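Visitor:
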Amino acid sequence: MIDPSKPPAPGNPVQAAPHRLDHPGLPATVWLAGLGWLTPQRREELLALLSSDEHQRLRRWRQSDDQDRFLLGRGLLRQRLGEAMGLEPARLRFRLGPQGKPALEGLGSQDTLQFNLAHSGALVLLALHPERPVGVDVECQRPGLNWRPIARRHLPSGCLEVLEALPPGEQLSGFLQHWCRLEAGLKATGLGLAAAGAPPPPGLELHDLRLPEGYAGSLALL
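Below is the structure:
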């Protein structure tokens, strides 16, 4: 995410209940949920699904919005994985891969189910695929973001020139879409920003997502 310490642009809170994105031809299932959907009762229901480790991680967040993003993301993940595998969400166990990417643990052949979470502003996204490594990213548009140094440092060669050729009112949204593609691809491969300048691996697919106004998002699969 880009400078998560800065507050999102003002606007109505996203109230979306968890639902699948309607994208014809999208090669993975993507779920979207808005922080505004969380009521006190729903918070309690999701809290009951978390492991002791997840409860500890939740308490490390000091801002209530950060806590809600974590809770909604992990709760949605457990609900959808449990539904997909016919298991109780609270009984699912996870491990971290070499680059810190979570994966299922202790389910035998069902460990192959791939997933990835992303959140920004008032939105949480969850991507699922039966076996292919998947990455997803979402970014909330924040007016005034100094995006040029970020693009120059991290985006592939030529992207900055392409973005600067856009009309001024489209440059920030264009940058965020490029950034989401980069992040989603890195998350699918399990790599961090240090690998941003490397050529994309063979077979990497990128799909831009249609999200509420003010947000950009991308899905990546290997």
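For the sequence shown, my numbering begins at 10 and goes up steadily by one.
Virtual Cβ for every residue (Gly too), placed ideally from N, Cα, C.
All values reported here derive from a predicted model rather than from experimental measurement.
#1: Take Ala99 as the anchor and find which of Ser60, Ser182, Leu195 has the nearest alpha-carbon.
#2: Mapping DSSP to helix, strand and coil, what is Gly226?
#3: At what residues does the alpha helix (DSSP H) containing Arg104 begin and finish?
#4: With DSSP collapsed to three states, give me the class of Gly183.
#5: Could you tell me how far apart the beta carbons of Ala229 and Leu215 are, in whole angstroms, since I believe they sit closer than 8 Å?
#6: So what's Asp217 in DSSP terms, helix, strand or just coil?
#7: Alpha carbon to alpha carbon, what distance is there between Pro142 and Leu56?
#8: May I have the straight-line CA-CA distance separating Arg83 from Val133, to the nearest angstrom?
#9: Measuring straight from C-alpha to C-alpha, what distance separates Arg102 and Glu114?
#10: What are the boundary residues of the alpha helix (DSSP H) that includes Leu86?
#11: What's the gap between the Cα of Gly95 and the Cα of Glu173?
#12: Mapping DSSP to helix, strand and coil, what is Gln50?
#13: Since Asp146 is in the alpha helix (DSSP H), which residue starts that stretch and which ends it?
#14: With His138 as the anchor, note down where its alpha helix (DSSP H) starts and where it stops.
#15: In chain order, what residues of the same chain lie with their CB nearer than 8 Å to the CB of Glu222, ignoring the 5 residues before and after it?
Guide: The short version:
#1: As a first step, residue 99 must be located in the sequence shown, where it is residue number 90. The residue with the shortest Cα to Cα distance from Ala99 is Ser60.
#2: Locating residue 226 in the sequence shown gives position 217, where the first residue counts as 1. DSSP places Gly226 in strand when its eight states are reduced to three.
#3: Walking along the sequence shown from the start, residue 104 turns up at place 95. Element bounds for Arg104: not the alpha helix (DSSP H) but the beta strand (DSSP E), 103-105.
#4: To locate residue 183, count along the sequence shown from 1; it is residue 174. Note: Gly183 maps to helix in three-state DSSP.
#5: Here residue 229 refers to the residue found at position 220 when the sequence shown is read from its first residue. Here residue 215 refers to the residue found at position 206 when the sequence shown is read from its first residue. The distance from the Cβ of Ala229 to that of Leu215 is about 5 Å, consistent with a contact at the 8 Å cut-off.
#6: On the sequence shown, position 208 is the one that residue 217 refers to. Correct three-state label for Asp217: strand.
#7: Reading the sequence shown from its first residue, position 47 is the one you call residue 56. Reading the sequence shown from its first residue, position 133 is the one you call residue 142. If you draw a straight line from the Cα of Leu56 to the Cα of Pro142, it is about 28 Å long.
#8: Position 74 of the sequence shown, counted from the start, is the residue given in the question as residue 83. Position 124 of the sequence shown, counted from the start, is the residue given in the question as residue 133. Taking the straight line joining both Cα atoms gives about 10 Å.
#9: Start at 1 with the first residue of the sequence shown, and residue 102 comes out as number 93. Start at 1 with the first residue of the sequence shown, and residue 114 comes out as number 105. If you take the alpha carbons of Arg102 and Glu114, they lie about 5 Å apart.
#10: Locating residue 86 in the sequence shown gives position 77, where the first residue counts as 1. Segment 73-94, the alpha helix (DSSP H) holding Leu86.
#11: Start at 1 with the first residue of the sequence shown, and residue 95 comes out as number 86. Start at 1 with the first residue of the sequence shown, and residue 173 comes out as number 164. Between Gly95 and Glu173, the C-alpha separation is close to 49 Å.
#12: Locating residue 50 in the sequence shown gives position 41, where the first residue counts as 1. Reduced to three states, the DSSP call for Gln50 is helix.
#13: Residue numbering aside, residue 146 sits at position 137 when the sequence shown is read from its first letter. Where Asp146 is concerned, there is no enclosing alpha helix (DSSP H), although the beta strand (DSSP E) it sits in stretches over 143-149.
#14: Your numbering for residue 138 matches position 129 in the sequence shown. No alpha helix (DSSP H) holds His138; the beta strand (DSSP E) holding it covers 132-138.
#15: By 1-based counting over the sequence shown, the position of residue 222 is 213. A distance below 8 Å between beta-carbons, with the five flanking residues on each side excluded, links Glu222 to no residue of its chain.
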